[in-house]
Amino acid sequence: MGVGPVRLELDHGVDACLDGGTAAWVRITAPAPVIRAYAPLARAALRHLVR
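Take the sequence shown: its position 35, counting from 1, is numbered 535 in the working numbering, and each next residue is one higher.
If you want it as structure tokens, here you go:
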């Protein structure tokens, strides 16, 4: 997705862990200032997916 000249690409998923739990992850491709602004929001959202 993008707004004007700024493009943002997200890849995300939830993987099984060896201990029987799960781990959520996100890969963000964008200019560094955009990643710094978006990363805390993504981290908070992913924490709600797995506990």
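Think of the CB as a built atom: it goes at the ideal place given N, C-alpha and C, for glycine as much as any other residue. Predicted model, so just to flag it, every value in this text is computed and none were measured.
| Nearest-angstrom Cα distance between PRO531 and ALA537? | Between the alpha carbons of PRO531 and ALA537 lies a gap of roughly 10 Å.
| message | By DSSP's criteria, LEU510 is part of a beta bridge. Which residues make up the other side? | response | Per DSSP, ILE528.
| said: Tell me the rounded alpha-carbon separation between LEU508 and ILE528. | reply: LEU508 and ILE528 have their C-alpha atoms some 7 Å from each other.
| task | Assuming VAL522 contacts VAL514 (C-beta within less than 8 Å), just tell me the rounded distance between them. | result | According to the sequence provided, residue 522 is Thr. The question's Val does not apply to it. Contact flag correct, Cβ pair sits at about 5 Å.
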